[in-house]
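Have a look at the structure below, then the notes.
Residue numbers (this note's numbering): 971 to 1238.
Here is the structure:
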């Protein structure tokens, strides 16, 4: 026999069902919110702890230093003004190429790119610290290339040819210890195949530790290079062939390499 309920009891049951339904909705929303917070926290943690992006930044920053394969040193007072200038000049060139701004530089009458001295000074401050004050002037780098500084143009006339191989860095470790940042970099050998095509070997031929210290602005600046605990395996060492009298356009080769890397990145 059916049980009759009063109108008031029916309304109370409806209100109870609505409260239960709202309670379930609130629980689901809270649960979803917690999942979102956890996912965000995990993302932030990975971003903070994953050194990949920072390692790539140091690879770009150190490219102009590694290319010259410099001797170890402790303190900028133990390196020449020419070393500071040549690494700052090429560091600026690499940045302009990466930004796609190299081709837009003003050219001299003999078609040499005019690299603004103010940009070179800015890179020197970025790599070595704001206390480094460059005295701009003509110099010859370790490859025997002359970089003429034109006072009237306030810039360096960049040579268009080179006869040397060089290295590119691959950062394998970042270690913050005793107030210093030790950046361990492998040296990838860049050789030349033909007139303008750059070919890069895949394995480091050697390693070195680049020492960074904090400046007054709390940024890290290069202050030395030391021997690294990282060692190239014997099977990875590649005999360097003699490349005397080989002439090629280094900036063209660099641009081609960057274009190739960009194409490969887009295929992934």
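C-beta atoms are modelled at their ideal positions from N, C-alpha and C, and glycine is treated no differently. If you're wondering where the values come from, they're calculated on a predicted model, not measured in any experiment.
The closest CA to that of residue 1037, considering only 1105, 1112, 1120, 1121, is found on 1112. Residue 1119 sits in a strand when the DSSP states are folded into three classes. By the Cβ test, the segment 1021-1029 is in contact with the segment 1141-1150, since at least three Cβ pairs between them sit closer than 8 angstroms.
When DSSP assignments are scanned along the segment 1072-1146, the uninterrupted stretches of beta strand (DSSP E) that are 3 or more residues long and fall wholly within it turn out to be 1083-1086, 1116-1120, 1125-1128.
By alpha-carbon distance to residue 1071, the top candidate from 1118, 1086, 1187 is 1086.
The C-beta distance from residue 1180 to residue 1195 rounds to 6 angstroms, short enough to fall under 8 angstroms. For residue 1046, there is no enclosing beta strand (DSSP E), as DSSP gives it neither H nor E.
Residue 1038: not part of any beta strand (DSSP E); DSSP gives it neither H nor E. Contact between residue 1093 and residue 1052 is ruled out by a C-beta separation of about 15 angstroms, above the 8 angstroms threshold. For the pair residue 1061 and residue 1034, the CB atoms are nearer than the 8 angstroms cut-off. Cβ neighbours of residue 1201 within its own chain (closer than 7 angstroms, five residues either side excluded): 1177.
Excluding sequence positions up to five before and after residue 1100, its CB lies less than 6 angstroms from no other CB in the same chain. By the neighbour-count criterion, in which 16 or more other beta carbons inside 10 Å mark a residue as buried, residue 1055 falls on the buried side.
Within 10 angstroms of the beta-carbon of residue 1174 lie 16 or more other beta-carbons, which makes it buried.
A Cβ-Cβ distance of about 13 angstroms is found for the pair residue 1063 and residue 1127, leaving them out of contact under the 8 angstroms criterion.
Distance from the CA of residue 997 to the CA of residue 989, rounded to the nearest whole angstrom, comes to 12 angstroms. Between residue 1077 and residue 1130, the C-beta gap is not smaller than 8 angstroms, which leaves the two residues out of contact. Distance from the Cα of residue 1123 is smallest, within the candidate group 994, 1088, 1182, 1190, for 1088. Look at residue 1196 here: in three-state DSSP terms it is strand. Separation of the CB atoms of residue 1042 and residue 1183 is rounded to 16 angstroms, and the pair is thereby denied contact status at 8 angstroms. Between residue 1098 and residue 1046, the gap from beta carbon to beta carbon is short of 8 angstroms. Here residue 1079 is exposed, its C-beta having fewer than 16 other C-beta atoms within 10 Å.
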